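**Student:** Mind looking over this structure? Questions follow.
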Amino acid sequence: MEIQACLGKRPSVFPMAHSISTPFFAQSRRPIIWIGLAALAILLVFAAREALFAQVEGDRGIAPVMNSGDISVGGIEVDVRGKNAEEARENGWKMAQKLGWKKLGGPDMSDSQIDSMVAAIVVEKEQIGPHRYLATLGVVFDRTRAGALLGEGGPLARSAPMLLIPVLDSGGAETVFEVRNPWQKAWAEYQTGASAIDYVRPSGAGGDSLLLTYGQTGRRSRLWWTNILDQFSAADVLMAIARVERQWPGGPVKGHFTARFGPDSRYLDSFTLNAPNEAGVPAMLQTALGRFDAIYTEALKNGLLQPDPTLRAQRLEIDPVLAALIDAGRKAQAASLAPVDAVSVAVPTPTVATPAAPTKPVASFTVQFASPDGGAVDSALGSVRGTGGVQSAATTSIAIGGVSVMRVNYAGSLSELASALRARGWQVTEGQSALSIRR
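Residues 11 to 449 in our numbering are what the sequence shown spells out, letter by letter.
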């Protein structure tokens, strides 16, 4: 008290008020903090859920046009006049037919003869006035009528079905089907019926945006590629990579294009095109399509576009008798490597020559397994295929981050398959003609 008086301080009436109030308020805040953390966790869960749905929903995907074997030519510019808008448009279409026929190198023919071979007029861009028609058109000629005159008659030899992955590198971001882009649109609208390449063009809707990404082009796993190609009924894969560089806003645009092929992303060829401004990018991409098709066609002629044999090897099914012999050989090899005592050494092992496994019927079973990532899919398939008695195994449904499904052909019963998988370290749950396995 004397010290306080000397310092001129007034003694506190409630000296213990501060020491009591601080723990009280700290304890009262704890429930509020926990409630806030719980609310934040709930919000994060809902945000993650919406983000997951946003990856497969939204405004994405462009359906490719129907393939046709007709002969098409585009980029025909017309500027004609007429008594009225309809007559001007008709005159423009007739002129486009003549210019298109000349562009294809056809012989001299009358307007009526050319008109009889036209299957369709494609309007790329048009402006219609009261007496004037200004447009960029495309003309499609019937192959059966015009093919012989243009030297393109007869049957067209085509490649095996090739899955096309269009990659656009713009602004430092590589996209395929994540968002709609002009490169995807150009390939979707490209008429591939007259090409020697049998393109398989995904629409990019639904799960395509998750399955076919730029990262997928760098994968080398044959199991993974085989599963993807099976889903699209393709024999191999083509990568059409377009890297667009804008010199400055509104200025020239340079496009670097690279053609690659196969699960190893093998380089075929590359080229560079230029556009005067942003408005000229679609025309530049259309020109690039023709160059890509020419590169792939030339590679096909040179024998470079053959499907990878390692992909076909994943689809082979071994004969049951041969598989049983292989299984018996594996068991004999395992027995020879195992430690044996003096009694077992004297026992002959003639049973290898007469395996009883071939008499077992081969049945097909469904096996479910967890697939948190692509590596888990490869690991599960490899383990099941290496199980004795398994003739073949292939995925029928892939759900990254969920439960995937494979179809297994096994020489034996469901319970025997379950026992064989347990021997390989799997935890197996048996169901009705199906198994669920996990590590």
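Don't be surprised by glycine CBs; every beta carbon is placed ideally from N, CA and C.
Small disclaimer: the values here were computed from a predicted structure and weren't measured.
Scan the region 257–305 and note each continuous beta strand (DSSP E) run of 3 residues or more that stays entirely inside, going in chain order.
**Tutor:** Whole beta strand (DSSP E) segments, 3+ residues: 263–271, 276–285.
**Student:** Starting from the C-beta of residue 454, find all residues in its chain whose C-beta is less than 6 Å away, skip the five residues before and the five after it, and write them out in chain order.
**Tutor:** Only positions 11 to 449 of the chain appear in this structure, which leaves residue 454 out of reach.
**Student:** Taking the Cβ atom as the reference point for each residue, do residue 271 and residue 248 lie within a distance shorter than 7 Å?
**Tutor:** Yes, Cβ-Cβ distance for residue 271 and residue 248 is below 7 Å.
**Student:** On the criterion of 16 or more Cβ atoms from any shown chain inside 10 Å, does residue 284 qualify as buried, or is it exposed?
**Tutor:** Exposed, because fewer than 16 other Cβ atoms sit within 10 Å of the Cβ of residue 284.
**Student:** Given residue 388, which residues of its chain have a CB within under 8 Å of its CB, disregarding the five upstream and five downstream residues?
**Tutor:** The answer, listed in chain order, is 231, 233, 234.
**Student:** Can you tell me which of 168, 124, 91, 154 puts its alpha carbon nearest to the alpha carbon of residue 139?
**Tutor:** Closest by alpha carbon: 91.
**Student:** Enumerated in chain order, which unbroken segments of the alpha helix (DSSP H) with a length of 4 residues or greater are wholly contained in the region 165–221?
**Tutor:** Counting whole runs of 4 or more residues, the region 165–221 contains the alpha helix (DSSP H) stretches 192–199, 218–221.
**Student:** Can you give, in chain order, each stretch of the beta strand (DSSP E) that sits fully within the region 116–154 and has at least 3 residues?
**Tutor:** Here the runs fully enclosed are 128–138, 142–151.
**Student:** Suppose you measure from the CA of residue 453 to the CA of residue 432; what does that come to, to the nearest Å?
**Tutor:** The structure shown does not extend to residue 453, since the chain is modelled only from 11 to 449, so the question has no answer here.
**Student:** In the structure shown, what three-state DSSP assignment does residue 236 receive?
**Tutor:** Three-state DSSP puts residue 236 in a helix.
**Student:** How many angstroms separate the CA atom of residue 185 from the CA atom of residue 266?
**Tutor:** Approximately 15 Å between the Cα atoms of the pair.
**Student:** Give the secondary structure of residue 36 by DSSP, where H, G and I count as helix, E and B as strand, and everything else as coil.
**Tutor:** Interpretation of residue 36 is limited by its pLDDT of 48, a score under 50 that renders its predicted location unreliable; the figure taken from the coordinates is listed afterwards. Helix.
**Student:** With a threshold of 16 other CB atoms inside 10 Å of the CB of residue 435, please say whether the residue is buried or exposed.
**Tutor:** Burial call: exposed.
**Student:** By DSSP, does residue 94 sit in helix, in strand, or in coil?
**Tutor:** Looking at residue 94 - three-state DSSP - the assignment turns out to be coil, as it is neither helix nor strand.
**Student:** Alpha carbon to alpha carbon, what distance is there between residue 334 and residue 367?
**Tutor:** Any reading at residue 367 must be qualified, since the residue scores a pLDDT of 46, below 50, and its modelled position is unreliable; no value is offered.
**Student:** Distance, Cα to Cα, residue 169 vs residue 278?
**Tutor:** Straight-line Cα distance between these residues: approximately 16 Å.
**Student:** Counting along the chain, where does the alpha helix (DSSP H) carrying residue 424 start and finish?
**Tutor:** 424–433 is the span of the alpha helix (DSSP H), which, as asked, contains residue 424.
**Student:** Can you pull the DSSP bridge partners for residue 379?
**Tutor:** 414, 447.
**Student:** The beta strand (DSSP E) with residue 404 in it runs from where to where?
**Tutor:** Looking at the DSSP string, the run of the beta strand (DSSP E) that includes residue 404 is 400–407.
**Student:** Pull up the CB-CB distance for residue 73 and residue 213, whole angstroms please, since I reckon it's below 8 Å.
**Tutor:** Contact holds; Cβ gap of about 5 Å.
**Student:** Can you tell which of 412, 376, 430 has its C-alpha closest to the C-alpha of residue 397?
**Tutor:** Cα-wise, what sits closest to residue 397 is 430.
**Student:** Taking only the alpha-carbon atoms, compute the straight-line gap between residue 4 and residue 225 and give it to the nearest angstrom.
**Tutor:** Any question about residue 4 goes unanswered here, given that the chain covers just 11 to 449.
**Student:** Please classify residue 474 as buried or exposed, where buried requires at least 16 neighbouring CB atoms within 10 angstroms.
**Tutor:** Here the chain has residues from 11 to 449 only, and residue 474 is not among them.
**Student:** Compute the distance between the beta-carbons of residue 173 and residue 244, then report whether it is under 7 Å.
**Tutor:** Yes, the Cβ-Cβ distance between residue 173 and residue 244 is below 7 Å.
**Student:** Can you tell me where the beta strand (DSSP E) holding residue 437 begins and where it ends?
**Tutor:** Unbroken beta strand (DSSP E) run through residue 437: 437–440.
**Student:** Count the other CB atoms within 10 Å of the CB of residue 102; is the residue buried (16 or more) or exposed (fewer)?
**Tutor:** Classification for residue 102: buried.
**Student:** Is the number of C-beta pairs between the region 197–207 and the region 302–311 that are closer than 8 Å three or more?
**Tutor:** Short answer: they touch.
**Student:** Checking 7 Å against the spacing of the C-beta atoms, do residue 221 and residue 175 come in under that value?
**Tutor:** It is not a contact, given that the beta carbons lie outside the stated cut-off.
**Student:** Determine the DSSP secondary structure at residue 101, reduced to helix, strand or coil.
**Tutor:** If DSSP states are grouped into helix, strand and coil, residue 101 belongs with the helices.
**Student:** Where residue 255 and residue 181 are concerned, what is the direct C-alpha to C-alpha distance, given to the nearest angstrom?
**Tutor:** Distance between the alpha carbons of residue 255 and residue 181: 8 Å.
**Student:** Can you tell me whether residue 43 is buried or exposed? The criterion is at least 16 other CB atoms within 10 Å of its CB, across all chains shown.
**Tutor:** Its Cβ having fewer than 16 others within 10 Å, residue 43 is exposed.
**Student:** Whose C-alpha, out of 236, 97, 211, is nearest the C-alpha of residue 392?
**Tutor:** Nearest of 236, 97, 211 to residue 392, Cα basis: 236.
**Student:** Consult DSSP for residue 84 and reduce its assignment to one of helix, strand or coil.
**Tutor:** Three-state result, residue 84: strand.
**Student:** Expressed to the nearest angstrom, what Euclidean distance is found between the alpha-carbon atoms of residue 317 and residue 273?
**Tutor:** Going from the Cα of residue 317 to the Cα of residue 273 covers about 10 Å.
**Student:** Nearest by alpha-carbon distance to residue 380: which of 110, 133, 415 is it?
**Tutor:** Ranking 110, 133, 415 by Cα distance to residue 380 puts 415 first.
**Student:** Hey, quick one: how far does the alpha helix (DSSP H) through residue 388 stretch, first residue to last?
**Tutor:** 384–395 is the span of the alpha helix (DSSP H), which, as asked, contains residue 388.
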